[in-house]
Amino acid sequence: MEKVVEISDKIWKAIQKEETDVLIELVHPEAMFVHMGITLSRDDEINVIKERGIVYKEIDFQEKTIKEMESVVILLNKLKLTAVVNGEEVTNPFVVTEVYTKDGENLRLASLSYTRINY
C-alpha cells in the first residue's frame, strides 16, 4: 500500500524538520508514541519535538514491511536513527512499528513504537 509509505515519509520528515502542524494533521489526536524509556501522547510528543528534547539528525531507512487488515495498516520501518536526546548524540538501530487507522479514505497514525534491535 503506497499511501501508507507516503504518509509515513511525511511524518518522519515533519519530525526531523520540527513541522508540528504536519504532525497534527497526520497523527490521530489519541495516538501514542512508545520510545525506549517513555510513552507519550501525540501532544506530549509534539512538545518534546518543539522543545528539542529529541532532535532527529539522521534517519537511514533500510526496509519497510506493510500488513493491511480491515481498518488498520501496520508499517514496520527498519532504520538506523541518529538523534540528540537530552543533549547527547546517540545512534541506534530500530524496527519502528507504525499503526495507522483508516478514516474513510484517509489514514492517520495511531501508534508509533521503537524496538531497538541487534545486528
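Residue 42 in UniProt numbering sits at position 42 of the sequence shown, with consecutive numbering throughout. In this text, a Cβ means the ideal position worked out from N, Cα and C, and glycines have one as well.
- Put simply, of H28, V99, L26 the residue whose alpha carbon is nearest the alpha carbon of M69 is V99.
- The C-beta of E58 has fewer than 16 other C-beta atoms within 10 Å across all chains shown, which makes the residue exposed.
- Per DSSP, S8 is one residue of the alpha helix (DSSP H) stretching across 2-17.
- Beta-bridge pairing by DSSP links M69 to V72.
- Going by beta carbons, V27 and R42 fall inside the 9 Å limit.
- By the 16-neighbour rule on beta-carbons within 10 angstroms, V90 is exposed.
- The alpha-carbon of M32 is positioned some 5 Å away from that of S111.
- Linking L107 to I7 through their CA atoms gives a straight-line distance of about 8 Å.
- Listed in chain order, the beta strand (DSSP E) runs fully inside the region 29-109 are 39-41, 54-69, 72-85, 88-103, counting runs of at least 3 residues.
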